[in-house]
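Going by my numbering, the first residue of the sequence shown is number 1, and it counts up by one from there. For reference, the structure discussed in these notes is given below.
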Amino acid sequence: MDVSQTSYCTVLDKNSQCQFICYTCRKNGAFNICLTDAADVWSMEYTEDQLKQFRQKFALKSTEDYTLKLRSACGSGDVSVVMHESSAELHVGSGPAALSVTLLRLDGPQATEELKELLFRMADSLAQLDSECGSPSVSPVKNHQRRATGFEPRQHQNCAPSVTVKKRLPGVSLINPGTKKKRQATGVAFDDDD
């Protein structure tokens, strides 16, 4: 896994039950751990020296280990956040091996710029996933040539017929197939020529 790529996960504040996006990325040679609720941003930037101390403190072999631990904890729901007035405390894991990181709130213009960068990073990674998966550039929902096949009669291809359809006899009711349509009485025709 390339550490320079951004890693995303959702985190729940257990007190307020609010959801946050937690993400990690490399920016200007520093490793960033960030948290946002789409209005505010909390962040902690680690230089290489600080990152080395962080890895030693939590017995991690590499930055990739932290990112993998964060991803696996997010997948199992073992990540939480505690909000304070000007900071947020991110808890990854539980027990003695738990990691705890304090993130500082970014001020207005800096937070806006960070959210803008996050939005474009997410769009780039989605575009990259689309190109890797080889998915069509046209949305299948908007594809006008695609038809809803559930309501159309089945077309027989070069295979054995799956179901034989009985031909409906004239006069047989479509709603009640066992009964015939009733015709209106026409009366009796009398011959007056005696």
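By construction, the Cβ of each residue, glycine as well, lies at the ideal position given by its N, Cα and C atoms.
Reduced DSSP secondary structure (H/G/I, E/B, other) of residue i
i       : result
Asp-40  : coil
Cys-74  : helix
Glu-45  : strand
Glu-85  : coil
Ser-7   : strand
Gln-19  : strand
Ala-123 : helix
Thr-186 : coil
Leu-35  : strand
Nearest neighbour of residue i, chosen from the options [CA to CA]
i       : options                          : result
Lys-182 : Val-188, Thr-102, Val-172        : Val-172
Gly-108 : Trp-42, Ser-72, Cys-25           : Trp-42
Asp-40  : Gly-29, Lys-27, Gln-19, Arg-26   : Gln-19
Leu-90  : Thr-112, Glu-117, Thr-10, Gln-53 : Thr-10
Leu-38  : Ala-111, Val-79, Arg-71, Gln-50  : It should be noted that the sequence gives Ala, not Leu, for residue 38. Answer by Cα proximity: Ala-111.
Leu-12  : Gly-75, Glu-48, Gln-50, Asp-49   : Gly-75
Thr-63  : Ile-33, Glu-85, Lys-14, Met-83   : Ile-33
CB contact flag (residue i, residue j, <8 Å)
i       : j       : result
Ser-131 : Leu-104 : no
Leu-35  : Val-81  : yes
Phe-31  : Tyr-46  : yes
Val-92  : Lys-69  : yes
Ser-125 : Thr-6   : yes
Through-space distance from residue j to residue i, alpha-carbon basis
i       : j       : result
Thr-102 : Phe-120 : 25 Å
Leu-169 : Gly-178 : 11 Å
Gln-184 : Lys-166 : 27 Å
Asn-98  : Glu-114 : Rather than Asn, the amino acid found at residue 98 in this sequence is Ala. If I take the Cα positions, the gap works out to 27 Å.
Leu-8   : Pro-96  : Note that residue 8 is Tyr in the sequence shown, not Leu. If you take the alpha carbons of Tyr-8 and Pro-96, they lie about 24 Å apart.
Lys-180 : Leu-174 : 9 Å
Asp-200 : Cys-133 : Only positions 1 to 194 of the chain appear in this structure, which leaves residue 200 out of reach.
Gly-77  : Asn-176 : 56 Å
Ser-94  : Ala-73  : 9 Å
Arg-26  : Lys-52  : 15 Å
Gln-50  : Met-44  : 11 Å
His-84  : Leu-106 : 13 Å
Gln-17  : Arg-71  : 20 Å
Where residue i falls, given that 16 or more other Cβ within 10 Å makes a residue buried
i       : result
Phe-190 : exposed
Cys-22  : buried
Ala-127 : exposed
Val-188 : exposed
Thr-186 : exposed
Any non-hydrogen atom of the ligand COA within 7 Å of residue i CB
i       : result
Pro-170 : What this structure holds is no ligand at all, so the ligand COA is not there to describe.
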